[in-house]
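Right, one structure below, let's go through it.
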Amino acid sequence: MIQNQNNKNLETVLEIKDLWKVYARNNMNIDVENKDLIAQLDKSEDTIVAIRGVSLSVRRGEVFVIMGLSGSGKSTLIRCILRLIEPTSGKIQANGQEVTALSQKELIEFRRKHVAMVFQHYGLLPHKTILQNVAFGLKLQGISKKEGEERSRSALNHVGLEGWENYYPQSLSGGMRQRVGIARALVMDAPILLMDEPFSGLDPLIRREMQDELARLQQELHKTIFFVTHDLDEAIQLGDRMAIMKNGTIVQTGRPTHILANPADSYVARFVQDKRHQLEIANKESF
Amino acid sequence: MDYLLEKLAPTFDSIANGILEVLLGIENLLSAIPWWGYVFLVGFLAWKATKRLCSTIILPMSILIIGVFGLWELAIGTLSIVVAAVILALLMGVPLGILIAKVHCVGPIFHPILDAMQTMPSFVYLIPTMMFFGLGKVPAVLATLIYSLPPVIRLTALGLKQVPKPAQEAAIAYGATSWQLLKEVQLPLAMPTIMAGVNQTTMMALSMVVVASMIGAQGLGQEVLLSINRIDMGRGFEAGISIVIMAIAIDRITQGFARHLDPTKR
Chain A
1182 MIQNQNNKNL ETVLEIKDLW KVYARNNMNI DVENKDLIAQ LDKSEDTIVA IRGVSLSVRR
1242 GEVFVIMGLS GSGKSTLIRC ILRLIEPTSG KIQANGQEVT ALSQKELIEF RRKHVAMVFQ
1302 HYGLLPHKTI LQNVAFGLKL QGISKKEGEE RSRSALNHVG LEGWENYYPQ SLSGGMRQRV
1362 GIARALVMDA PILLMDEPFS GLDPLIRREM QDELARLQQE LHKTIFFVTH DLDEAIQLGD
1422 RMAIMKNGTI VQTGRPTHIL ANPADSYVAR FVQDKRHQLE IANKESF
Chain B
68 MDYLLEKLAP TFDSIANGIL EVLLGIENLL SAIPWWGYVF LVGFLAWKAT KRLCSTIILP
128 MSILIIGVFG LWELAIGTLS IVVAAVILAL LMGVPLGILI AKVHCVGPIF HPILDAMQTM
188 PSFVYLIPTM MFFGLGKVPA VLATLIYSLP PVIRLTALGL KQVPKPAQEA AIAYGATSWQ
248 LLKEVQLPLA MPTIMAGVNQ TTMMALSMVV VASMIGAQGL GQEVLLSINR IDMGRGFEAG
308 ISIVIMAIAI DRITQGFARH LDPTKR
């Protein structure tokens, strides 16, 4: 587990309040307070209630992990933070900005300056070189090519890809492509890092490597990271605090060790069962 | 109809004059190049586009055949009409394709129009253009333009829609404006399909020349028409072969450049 050394600084950097996302066929006005309506929408095949009244807060410098199975709403949640998906209702506050109230222009500024995202399927631009890919976010901001390339080279060195600047994404393996994705996010120097199952698409050994890599970077940089995964081991290894999502709601929030020891309900208990068993065996063997 | 003709006559006249200017300019330019210039030009372009020795030799030789047939001036006349029509088609078609891809309500309006344009026999376009613009080169260019417009519009819209979603999502997540998204991600990645559209539009323009000759466009089309009328097989054959040779040359060269512009093939 990455130790959050700086326990004194408990400033909340990201706050989500009562967030809802309902996918409906027509753009009907959905009153989320109306429980009957929600129950009806749930039953209907045309509509999906992806996020139901989610609230959480993330402190500066911590790695906050959202864990859940497919369909739990975790990918929708992370996309709502920068409004890649527009929430139906609720409030999101990040770095002192009320994201849900920003105009289109302000939203673009917010995306450029306050957050940086790493995607599960890398999201690299196939027609640009590795260096151009990493510098892309800077280019969008209007930063000069020279400065952009300089900072990008440094970011690439940071993730161990020096020498690969002029290659194209198609020449790189999955793990390397994700390092490029991470470099692209790091070079922005944004206070909040959003990571959507960044290692899910990689094979187990590489996944392990990348997790260690991220842990190392975090020790060095102390970023605030919002991390989505479906892998419990990953959550335990990387997370300072975590939240388990099921069916669009958060079932339990807390430190990973706490959740392991005190599952809030039978769902969480089933979830962490294997891991608890593992730890029990490990404890017994160490005597 | 008469009312329309009367009221809009000055507008149509100015459009006609504008197109005529452009057309004559193109024709002068193309006529100024001597035949051996074309042979070299085609050879050069073939090499640049295809990098294959086979094409680089065969294509210029085929161009020579047109000269051997004695149809050179007519070929240049045809070429000018095709070039003028294609340039106009691209200038109109690519922005329209972008509009259809980006603005969702526009698509359903244009699809039936494009469908109609592509299924109507090409002769049909001759009637309104002749009514408004008379006989000659200008209506020929316009009829060719209308006939060859749909492919580039459709394929531009299609190319843009097929740009991989992860790349677009990443660009938006890092703060791309709509314009930046178009310029940096969508257009480059849609380029192969757009070039296919350019290629198809050019081919359709060439195929229209025979029909367009019915309203007075001088060129190879007229030769074919005359041969049909006079049942002169030899003449028709020569003119037909020349059209085919031009089509093949333009097709190979534009396809070769399309491959060059494909950003993912390195």
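Protein chains in written order, with the numbering used here: chain A, 1182 to 1468; chain B, 68 to 333.
Glycine included, C-beta positions come from ideal geometry on N, C-alpha and C.
- Scanning chain B for C-beta atoms nearer than 8 Å to the C-beta of R1293(A) yields Y241 and G242, reported in chain order.
- In the three-state reduction of the DSSP assignment, D1217(A) falls in the helix class, which pools H, G and I.
- Here DSSP, grouped into helix, strand and coil, assigns R1241(A) to coil.
- Within the stretch 1253-1268 of chain A, the residues whose Cβ lies closer than 7 Å to any Cβ of chain B are, in chain order, L1263 and L1265.
- The beta carbon of P255(B) sits closer than 8 Å to some beta carbon of chain A.
- Annotated three-state conformation of S215(B) is helix, per DSSP.
- The beta carbon of V149(B) sits closer than 6 Å to those of A272 and L273, all from its chain and outside the five residues before and after it, given in chain order.
- For the set Q1274(A), P1372(A) and E1415(A), the Cα lying nearest the Cα of L1402(A) is the one of P1372(A).
- When CB distances to chain A are screened at a threshold of 9 Å, not a single residue of the stretch 309-322 of chain B falls below it.
- S189(B) is positioned such that its CB atom lies no closer than 8 Å to that of V89(B).
- Against chain B, a Cβ distance below 7 Å from G1304(A) picks out P233, A234, E236 and A237.
- Closer than 8 Å to the CB of Q229(B) there is not a single CB belonging to chain A.
- With respect to the 8 Å criterion, L256(B) and P231(B) are classified as neighbours on the basis of their beta carbons.
- Of all C-beta pairs linking the stretch 162-171 of chain B to the stretch 285-295 of chain B, fewer than three are shorter than 8 Å, placing the two stretches out of contact.
- Looking at the backbone, the Cα of V1299(A) and that of G1249(A) are separated by about 18 Å.
- The shortest CA-to-CA distance from V1230(A) to any of S1284(A), V1239(A) and S1270(A) is the one to S1270(A).
- Listed along chain B, the residues sitting closer than 7 Å to I1289(A) by beta-carbon distance are G242 and T244.
- Contact between the stretch 1264-1284 of chain A and the stretch 1305-1317 of chain A is absent, with fewer than three C-beta pairs closer than 8 Å.
- At least one beta carbon of chain A lies nearer than 8 Å to the beta carbon of V252(B).
- In this structure Q285(B) does not touch L87(B) by the C-beta definition: roughly 14 Å separates them, more than the 8 Å allowed.
- About 6 Å separates the Cβ atoms of R1422(A) and E1243(A), confirming a contact at the 8 Å cut-off.
- Think of a sphere of 8 Å around the beta carbon of Q185(B): no beta carbon from chain A falls inside it, the nearest being about 31 Å out.
- D1223(A) and R1233(A) have their C-alpha atoms some 11 Å from each other.
- Close to Q289(B), with beta-carbon spacing below 8 Å, lies no residue of chain A; the smallest spacing is near 45 Å.
- Not one beta carbon of chain A lies nearer than 8 Å to the beta carbon of Q285(B).
- Taking all protein chains in view, the Cβ of I1197(A) is crowded by 16 or more other Cβ atoms within 10 Å, so the residue is classified as buried.
- Approximately 4 Å separates the beta-carbon atoms of A1416(A) and V1246(A); this is inside 8 Å, confirming the contact.
- Per DSSP, reduced to three states, the secondary structure at T1193(A) is strand.
- Of the residues T145(B), S294(B) and I310(B), the one whose Cα lies closest to the Cα of G303(B) is S294(B).
- Less than 8 Å divides the Cβ of I312(B) from the Cβ of I130(B).
- Distances from the CA of A1424(A) to each of Q1400(A), Q1399(A), V1453(A) and M1357(A) were compared; the closest alpha carbon is that of V1453(A).
- Contact with chain B is found for G1318(A), since one of that chain's Cβ atoms lies less than 8 Å from the residue's Cβ.
- A113(B) is the residue among L181(B), A113(B), V109(B) and M128(B) whose C-alpha sits nearest the C-alpha of H327(B).
- Contact annotation: the stretch 209-229 of chain B touches the stretch 173-183 of chain B, with at least three C-beta pairs closer than 8 Å.
- Q1433(A): not part of any alpha helix (DSSP H); member of the beta strand (DSSP E) spanning T1430 to G1435, first to last residue.
- The beta carbon of L216(B) is closer than 8 Å to those of A156, M159, G160, M184 and T268 in its chain, skipping five residues each way along the sequence.
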